[in-house]
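Novice: Once you've had a glance at the structure underneath, I'll fire off some questions.
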């Protein structure tokens, strides 16, 4: 993993956390009931997510929230783990079901980044 020390101005960190809070409040929090009550379903090889979850993916991706701590060599933003943990906590507080969607992908990305090779 790219765990080098990264320094960022405090104002930038404040802005990131403030914007994440707004995103979580406006986009993720309203979906919490559908995630908790409906959950996902799998039928005939097709996974269906709760109402609103697919639509919430676009602003998540566009806003860069899924790549905050990722390696910049692969499209991530390279922010320190401490900041990405704050982001995950804010989002989990707004909607735990939504936040869990990306956790396996983040774990796989971390494993590949730490132990993968070009061959």
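Residue numbers (the working numbering): 1063 to 1181. Glycine is no exception: its CB is placed at the ideal position from the N, C-alpha and C atoms.
(1) Starting from the N-terminal side, write out each stretch of the beta strand (DSSP E) that is 3 residues or longer and does not extend beyond the stretch 1083-1157.
(2) Buried or exposed, going by whether 16 or more other CB atoms sit within 10 Å of the CB of residue 1141?
(3) Just tell me which of 1170, 1178, 1158 has its CA closest to the CA of residue 1101.
(4) CA-CA distance, residue 1098 and residue 1160?
(5) At the 8 Å Cβ level, is residue 1097 part of the contact set with chain B, yes or no?
(6) Please state whether the Cβ-Cβ distance between residue 1127 and residue 1149 is less than 8 Å.
(7) Can you tell me whether DSSP reads residue 1073 as helix, strand or coil?
Specialist: Short version:
(1) Annotation: the stretch 1083-1157 contains the following complete segments of the beta strand (DSSP E) (minimum length 3 residues), in chain order: 1103-1105, 1108-1110.
(2) With 16 or more other Cβ atoms inside 10 Å of its own Cβ, residue 1141 counts as buried.
(3) Among 1170, 1178, 1158, the Cα nearest to that of residue 1101 belongs to 1158.
(4) C-alpha separation (whole angstroms): 9 Å.
(5) In the structure shown, chain B cannot be found, because there is only a single protein chain.
(6) For residue 1127 and residue 1149, yes; Cβs fall inside 8 Å.
(7) In the structure shown, residue 1073 adopts helical secondary structure according to DSSP, grouped into three states.
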